[in-house]
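Structure first, commentary second.
There are 4 protein chains.
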Amino acid sequence: MNSFGRLFKVDIFGESHGLGVGVSIDGCPAGIPVDADDLEPDLSRRRAGAKGTTPRKEADLPEIMSGVFKGKTTGAPVTIFFRNTNIQSGDYENLVASPRPGHADFTGHKKFGGFNDYRGGGHFSARLTVGIVAAGVLAKKILKDITIESKLIEAGGSTNIDEALDKAMADQNSIGGIVECRVKGLPVGLGEPFWDSVESLISHAVFAIPATKGIEFGSGFYSAKMTGFVHNDSIIDDNGTTESNYSGGINGGITNGNELVFRMATKPTSSIAKAQKTMNFEKGMVDELEIKGRHDACVALRVPPILEAITAIVLADLMLLEQKSNRIYL
Amino acid sequence: MNSFGRLFKVDIFGESHGLGVGVSIDGCPAGIPVDADDLEPDLSRRRAGAKGTTPRKEADLPEIMSGVFKGKTTGAPVTIFFRNTNIQSGDYENLVASPRPGHADFTGHKKFGGFNDYRGGGHFSARLTVGIVAAGVLAKKILKDITIESKLIEAGGSTNIDEALDKAMADQNSIGGIVECRVKGLPVGLGEPFWDSVESLISHAVFAIPATKGIEFGSGFYSAKMTGFVHNDSIIDDNGTTESNYSGGINGGITNGNELVFRMATKPTSSIAKAQKTMNFEKGMVDELEIKGRHDACVALRVPPILEAITAIVLADLMLLEQKSNRIYL
Amino acid sequence: MNSFGRLFKVDIFGESHGLGVGVSIDGCPAGIPVDADDLEPDLSRRRAGAKGTTPRKEADLPEIMSGVFKGKTTGAPVTIFFRNTNIQSGDYENLVASPRPGHADFTGHKKFGGFNDYRGGGHFSARLTVGIVAAGVLAKKILKDITIESKLIEAGGSTNIDEALDKAMADQNSIGGIVECRVKGLPVGLGEPFWDSVESLISHAVFAIPATKGIEFGSGFYSAKMTGFVHNDSIIDDNGTTESNYSGGINGGITNGNELVFRMATKPTSSIAKAQKTMNFEKGMVDELEIKGRHDACVALRVPPILEAITAIVLADLMLLEQKSNRIYL
Amino acid sequence: MNSFGRLFKVDIFGESHGLGVGVSIDGCPAGIPVDADDLEPDLSRRRAGAKGTTPRKEADLPEIMSGVFKGKTTGAPVTIFFRNTNIQSGDYENLVASPRPGHADFTGHKKFGGFNDYRGGGHFSARLTVGIVAAGVLAKKILKDITIESKLIEAGGSTNIDEALDKAMADQNSIGGIVECRVKGLPVGLGEPFWDSVESLISHAVFAIPATKGIEFGSGFYSAKMTGFVHNDSIIDDNGTTESNYSGGINGGITNGNELVFRMATKPTSSIAKAQKTMNFEKGMVDELEIKGRHDACVALRVPPILEAITAIVLADLMLLEQKSNRIYL
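Residue numbers (our numbering), protein chains in the order written: chain A, 1 to 330; chain B, 331 to 660; chain C, 661 to 990; chain D, 991 to 1320.
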């Protein structure tokens, strides 16, 4: 439900236009240095501001509510809260009758019997990912010398992302994108048969990022067109280094010590200014809908730090499971 | 680890060349009629035999060890065991020194300190999926009028699958494939924010199927090339029916009542007869490896019933969570 | 760890002398009316103030941080925070060298490598139970017509509790007590074999209440002295009503529809003003210790509302599991 | 439900008069030597045979179905099955109409809509504990130098247990008892705040043992009559050794390095030969019931090895959580 992870457990709460959004990390080893400044670099990368991102600016000031004492984690749950400050909820009142196509407005309403907080997507909003980024900062500290890097490699079908953005914005439209993630320095042996392969856990968490439509590891979908002879990565030394890396660093669901590589697809932002048609439940007919809120022209632009955080969270959990409890961070 | 699901919980155990493989389903509602004949159709679809599948034939005779009384589930765990009968373990002894590229031989050895059962992949083998298929039969009964259909839509880059197989087999090689799954009749509202979206749970389970390299829902990776105006599925009636179905039947991680559609990529079988090079840990050098075991030329051929079972398991769990406990099946 | 429950999941965070303490409830059905006034009666019963309770007074003002919209739960996590206001942390600095006997000072220090927040017991403090009481209020609403009542039936070995308190306070000492809980109106069938009997789940949660030393159901420890003929509760009608109730309302771990009855023992408060001897780790020798903080002479006095909340939390979870999902509260 | 433990996870399945009973242990470290002979001593202590135990004799021959290769655990789930051999199910047919007082016959029937296997208590039977004892043998190996010892210290209100048994048997009646458990050699620091105190986890598992009515740690219920000054255990050396041990080796839910001590109460066996009265649902009236099955006059006699196994299972799980993953047993 709103909890993910076995030993490094990340709980998400909050709403886009409520008091704020938060995260609580249970099982975080004691002794990790953490303060608001540590969180800022990744929060800042996630924050809106650049071309193609929403005009809604949130300061994302973290309030550390528990689990930190004298600047270090205590071993108790670390809870961090981000108050919402820049809210224009009036924008959303008309969406009750007219659920936005491509959004959770209709499904959220049905699932929760109309009691859901529908303002700005409520609990379904991508704003919730701010807590994930914060948890990711702690996870990255546990991973120490392991480096995780994500970047947007294509948007709107083009690698000239700037151009693709200009076109979408001029048209009051939005575009999707592909984000790649690469992890260096992983040990051999992370991942848990039978159900908790590295791919299983990463994909589970990645599909919690709003707008995700697909994920592939190593050769991914292209592998379906390959032969085994080409696809098999020959091991060439005692450490398990492979000549090629079609496996994306995973065999049998377990890391093999080579670079972990995967890509995910983000659909175009559902909220667009351009007029669309959809059901108006008040009028009982299909009608035109104009969305007045503030939105990203390409939400994939903001995905890389979130994807890194997600990846760090999964890997930190597997590291704690595998090696030593790291109950105390040294 | 080896357990998946919240209310309809599926535990997997066993090894490819040990005594057998099994499954235990905890949380299965009482009163579901079940016997060996019910299991046979899906087990038979998964079984080897057709062109391109391994010469190893297993009868897959289910022994129902617990949880069934007078032909119906009792509410206690349903445990089903399949004894291995057609084993040629001598095939595998040479692989201890020389881990097969693309396989879990190296990672399994490292993870478990050399104590793993390496025969035929041991606990990592696709043979373990026989238990999943059995659990899927029970899950499908819970889903009643919901229909799940999977098929191989492409292999070795071709839709002429027969031809692609002939070529691979002639070359002692293997090929990958793409399997699609479609689910009709789902209610609106399955899926659990924030971490347990329908895509999260399905992808988690799908990546437990050996050889899976990617998964995509609805428009999938293609969505990255689309605009929001085209991608947004307009709602056109009170039930939430949409004009297009780029979402693949899911919004905000929750089923929207339209057809659930997704595809997965299966890599080419790692075990091939054709000679390959890889590290020989005994000799301490890269050497030629010839794999003598019996294998599928295209393991994707056997995936459809497994994918249906996986999908049914996830959806049955979400149905039990969502609607009524179905503690008793009526 | 800090999470309890399967469908009605209660997460606890915070510290006695940090920013505050909180609770987050995941899986709470949508549509439950809740505001600060609803929480006050039980919070007030738990609060200090009466004879024998600590002079530390906390207003316990709940800040509802998420999961409530227009006065009703939304189906998303309900997070409630209570800021600490009445803190005198100077009281605790000397306890770093000299861990209080009977407290978690020594074990908490060792477990978390000295990074624990030691002020007032930190995350081990009974102050954390304020969040449990808040969660209990929501749980009680789910239980509707089921009534839960706890009371202190004995303190310091006497049923004249007032007198026992006077004596303890005059002596700068503390006393233990026994609290009984009775639940009326439960349906037949709550509880989950094999590991999650009603007793298993209740005792699990009850032993999270600081200072608990024992629990017994129905005849409890006295049953060890009885014969089966006397102990067996004869069923006397179609509803399963029993003539006696030595079982305490549970058979085979499952509620039988009769009154649920259990008792727990609370040890005397460990913190006493009276001088004690214990190890002084700074001096490296056993020394005299005087505890200056503010404490309850009989912490059992404050247990009844906490015990009711714990019981409600367990039973609400089992109700959601058993009957219908109650995804929406009607 | 039927699964217990976080890293050392024990799943129970089977029925008293079905094919057999089993256990599956997921998360068991690789490399633990195990064979049927290792299991026999504890299985033998649990087995019937002595005075006061049931005439039903089961050989309890373990069939290791998975997870062991070349005599050592592999890291995959260890599944062990015990076929039932000595069944007289005819004994139980009359109990469908007339549920035995004190048993799960009535509650099991109601909970599972009449689909439960009612023969000999089915899945509720104490026969299921044979799997727990087997899992306990593995857990004890993980605990290495830690010793766990349980014994029956009182039965039928007397410490002359032999005499108490004679009396009960002569009267076709049954008696309860108290079993004590002591654990030596535990490190400081096991247990997980807030909900997973050592007492919480042990009591959770102990109440899964059929017929348990109470549990107390250290001073237990007697603590309610004590003062803090007496109850507080003074620490007297650097290791945390305490002068007294009223805490029973636990402070704040965390082991303190002293002896862990607790006691549990087992009610008298519900099945007695002596005629009783109870509801007959077929006749629609209260009637006399004579139970013809074979039963223990004092089931507490058989509890000690089960209690040791339960304790070992909980502590092994906490050890794996706390110290190092022990993924590989060395």
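Note that CB positions come from ideal geometry on N, CA and C, so glycine has one too. Nothing here was measured: the structure is a model prediction, and the numbers come from that model.
Asked                                                                                                                      : Found
Inter-residue spacing [alpha-carbon to alpha-carbon] between PRO101 of chain A and SER564 of chain B                       : 5 Å
Residues bridged to GLY507 of chain B (per DSSP)                                                                           : B:ALA485, B:THR596
Assigned exposure category for VAL858 of chain C - 16 Cβ within 10 Å defines buried                                        : buried
Endpoints, the alpha helix (DSSP H) within which THR107 of chain A is located                                              : 105–111
Chain-ordered neighbours of PRO193 of chain A on chain D, where CB pairs are closer than 8 Å                               : ALA1066
For LYS543 of chain B, the three-state DSSP class (helix, strand or coil)                                                  : strand
Proximity test, Cβ basis, 8 Å: THR938 of chain C and chain D                                                               : yes
Residues that DSSP places opposite GLY69 of chain A in a beta bridge                                                       : Here residue 69 of chain A is Phe; the residue named in the question, Gly, does not match the sequence. Answer is A:LYS72.
CA nearest to the CA of CYS181 of chain A, picked from A:ILE272, A:GLY22, A:PHE262                                         : A:PHE262
Own chain partners of THR819 of chain C with C-beta closer than 6 Å, once the 5 adjacent residues on each side are dropped : none
PHE664 of chain C at chain A interface by Cβ criterion, 8 Å                                                                : no
Segment contact flag, the stretch 67–78 of chain A with the stretch 673–684 of chain C, C-beta cutoff 8 Å, min 3 pairs     : yes
Listed by chain order, chain A residues near GLU484 of chain B by CB distance under 7 Å                                    : ALA224
Coil, strand or helix - THR227 of chain A by DSSP                                                                          : strand
DSSP three-state assignment for LYS1157 of chain D, whether helix, strand or coil                                          : helix
Boundaries (first-last residue) of the alpha helix (DSSP H) holding GLU859 of chain C                                      : 858–866
Every unbroken beta strand (DSSP E) inside the stretch 234–306 of chain A [3 residues or more]                             : 260–266, 276–280, 285–289
Classification of GLY486 of chain B by the beta-carbon crowding that lies within 10 angstroms, buried from 16 upward       : buried
Beta-carbon proximity check, HIS1285 of chain D vs THR1259 of chain D, cutoff 8 Å                                          : yes
First and last residue of the uninterrupted beta strand (DSSP E) at THR79 of chain A                                       : 78–83
Own chain, CB closer than 8 Å to ALA48 of chain A, minus 5 neighbours either side, in chain order                          : THR54, PRO55, ARG56, LYS57, GLU58, ASP296, ARG302
Close Cβ partners of THR1264 of chain D (< 6 Å) along its chain, the five nearest in sequence each way excluded            : Residue identity check: residue 1264 of chain D is Lys in the sequence provided, not Thr. Within the same chain, LYS1264 of chain D has close Cβ partners GLN1162, ASN1163.
Own chain partners of ALA884 of chain C with C-beta closer than 6 Å, once the 5 adjacent residues on each side are dropped : none
Identity of the residues DSSP links to PHE1003 of chain D by a beta bridge                                                 : D:GLY1012
Chain-ordered chain B contacts of SER1234 of chain D [CB-CB under 9 Å]                                                     : By Cβ distance, chain B contributes nothing, its closest Cβ being about 41 Å from SER1234 of chain D, past 9 Å.
Within 8 Å, strictly: CB atoms of PRO517 of chain B and GLY579 of chain B                                                  : no
Pick from D:CYS1288, D:ILE1136, D:VAL1304, D:LEU1029 that is closest to VAL1123 of chain D, judged by C-alpha positions    : D:LEU1029
Interfacial residues, the stretch 784–811 of chain C to chain A, with Cβ spacing under 8 Å                                 : none
Separation of VAL644 of chain B from HIS109 of chain A, as counted between CA atoms                                        : 22 Å
Assigned secondary structure, THR1119 of chain D (DSSP; H/G/I helix, E/B strand, else coil)                                : helix
Residues that SER533 of chain B contacts on chain D, provided the C-beta gap is smaller than 7 Å                           : Correct list: empty, because the minimum Cβ distance to chain D is about 22 Å.
Bounding residues of the alpha helix (DSSP H) (the contiguous stretch that carries ASP1028 of chain D)                     : 1026–1036
8 Å Cβ cutoff, ASP26 of chain A in contact with chain C                                                                    : yes
Per-residue DSSP class, three states only, for PHE664 of chain C                                                           : strand
Local conformation of ASN326 of chain A per DSSP, three classes                                                            : With a pLDDT of 46 at ASN326 of chain A, under the threshold of 50, the modelled position of that residue is not reliable, and the figure given next carries that caveat. In the structure shown, ASN326 of chain A sits in coil (DSSP, three-state: anything other than H, G, I, E or B).
GLY27 of chain A to GLY1121 of chain D span [Cα, whole Å]                                                                  : 30 Å
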